[in-house]
Amino acid sequence: MIENLKSHISHILNETITKVSPVHGGDISTAYKIETEKNSYFIKTNKSSNALHMFQIEANGLNTIGNTNTIKTPKVLGCNRFENTAFLLMEFINSKSPSSKDFENLGSQLAKLHQCPAENFGLNQDNFIGSLPQSNKQHKSWVDFYTEERLLPQIELAKQKGLLSNAECHSGQSIQIQLQHLFQNIKPALLHGDLWSGNYLISKDGTPYLIDPAVYYGHHEVDIAMSKLFGGFGIRFYETYQDYFQPDENTSARIEIYQLYYLLVNLNLFGRSYHGSVVNIFRKYF
Ligand code: ADP
35 MIENLKSHIS HILNETITKV SPVHGGDIST AYKIETEKNS YFIKTNKSSN
85 ALHMFQIEAN GLNTIGNTNT IKTPKVLGCN RFENTAFLLM EFINSKSPSS
135 KDFENLGSQL AKLHQCPAEN FGLNQDNFIG SLPQSNKQHK SWVDFYTEER
185 LLPQIELAKQ KGLLSNAECH SGQSIQIQLQ HLFQNIKPAL LHGDLWSGNY
235 LISKDGTPYL IDPAVYYGHH EVDIAMSKLF GGFGIRFYET YQDYFQPDEN
285 TSARIEIYQL YYLLVNLNLF GRSYHGSVVN IFRKYF
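All residue numbers for the sequence shown refer to my numbering, where the first residue is 35 and numbers rise by one.
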């Protein structure tokens with residue numbers, strides 16, 4: 035990290051920085067652990083022109099979840115631009131690999147997050163899923179929200195990129211007709227929105243934290259669908275979550291339809307290796 039930025043951060047923290055070390059694993063920004071005599075901090079930096087906007091949205095998402103007091107997020111300590119670098123500064127979470135007990139806590143605390151209600155599906159601010167824009171335009175109907183704000187924009191993008199053909203896709207109308215009977219009695223719940231295993235941390239004392247959210251109010255099974263897409267969540271996570279939300283006869287179909295969104299996002303971000311999974315779900319349901 036450049037010296038000027040380091041002194042600027044030291045000024046914000048009002049502490050002397052004793053060590054800065056790179057943190058690997060992110061695919062968008064450059065991250066560091068910052069140590070002072072008493073504390074540790076985490077900072078993401080990015081020089082691209084829309085980075086500050088993306089960090090502000092990420093900070094809002096972390097605060098939205100953290101303010102529910104259901105599950106923790108790292109405390110945000112600064113979000114700004116210094117010279118040509120945008121940065122997001124937060125509490126550093128010293129993490130460990132999860133035990134069964136940690137998965138139980140993650141399951142029950144996520145369920146409590148999902149008990150936070152709203153009037154409408156969506157959010158008062160759009161955000162990002164990975165580096166792609168995610169529209170949170172509010173709707174009363176989950177079928178309308180999920181079709182118009184989730185599936186169709188990703189389908190359109192995939193067509194523009196030549197990753198899906200017209201023959202492989204379906205109109206919004208035919209998707210909505212199929213979803214009507216699967217999406218019944220669904221109430222808006224606060225979601226993490228991008229819950230793969232890289233987006234939770236268990237601190238050394240066993241406290242679960244969510245990071246990198248793509249928050250909005252949607253069907254609670256969306257987070258479960260994402261958690262199952264790439265794995266990394268223990269059996270006790272699901273067992274404990276089910277004490278709060280029981281599956282019904284359409285849950286497994288909905289899980290695949292919710293995974294379709296993330297598969298389309300990955301198709302658009304990472305290319306054709308996701309094409310087969312996307313097309314299989316289209317063929318099965320639409
Ligand atoms: P990107 O937005 O660039 O994809 P991530 O948010 O995924 O970056 O973070 C990069 C790495 O830093 C990941 O390995 C993640 O686990 C870790 N990380 C993120 N936030 C914190 C934090 N507050 N404390 C400690 N490690 C963190």
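Think of the CB as a built atom: it goes at the ideal place given N, C-alpha and C, for glycine as much as any other residue.
Query, Result
"Closest by C-alpha distance to Ile91, when choosing among Gln149, Ser169, Lys146", "Ser169"
"Under the three-state DSSP convention, the category Phe162 falls into", "strand"
"Where Ile236 falls: helix, strand or coil (DSSP)", "strand"
"In DSSP terms, what Gly112 is bridged to", "Leu123"
"Completely contained beta strand (DSSP E) runs for the region 61 to 108, where each covers 3 or more residues", "64 to 70, 74 to 80"
"Ser231 beta carbon less than 8 Å from that of Gly266", "yes"
"Residue of Gly240, Leu186, Leu225 minimising C-alpha distance to Asp246", "Leu225"
"Outcome for Ile68 when other beta-carbon atoms lying within 10 angstroms are tallied against a minimum of 16", "buried"
"CB contact flag (Met260, Phe162, <8 Å)", "no"
"C-beta contact flag for Phe316 and Glu202 at 8 Å", "yes"
"Meets three-Cβ-pair contact criterion under 8 Å: the region 277 to 288 and the region 165 to 184", "no"
"Gly60 beta carbon near the ligand ADP (any heavy atom closer than 7 Å)", "yes"
"Endpoints, the alpha helix (DSSP H) within which Ala192 is located", "186 to 194"
"Sequence-distant residues of its chain with Cβ nearer than 6 Å to Asn139 (five each side left out)", "Pro242"
"Euclidean distance between Cα positions of Ala85 and Leu244", "21 Å"
"Sequence-distant residues of the same chain with beta carbon closer than 8 Å to Gly31, five excluded per side", "One cannot answer for residue 31 here, as it falls past the ends of the chain, which runs 35 to 320."
"The region 66 to 82 contacting the region 133 to 148, beta-carbon criterion three pairs below 8 Å", "no"
"Residue of Leu157, Asn233, Arg270 minimising C-alpha distance to Asp257", "Asn233"
"Buried versus exposed, by CB contacts within 10 Å (16 or more), Ile211", "exposed"
"8 Å CB neighbourhood of Asn97 in its chain, flanking five on each side removed", "Thr107, Val110"
"DSSP three-state assignment for Lys174, whether helix, strand or coil", "coil"
"Chain-order list of residues whose beta-carbon lies under 8 Å from that of Asn128 (same chain, five-residue window excluded)", "Ser74, Ser237, Lys238"
"Integer Cβ distance of Val249 from Gly59, believed to fall under 8 Å", "Val249 to Gly59, Cβ: 21 Å. No contact."
"Which listed residue (Leu235, Ala223, Leu216, Leu301) has its alpha carbon closest to that of Glu290", "Leu216"
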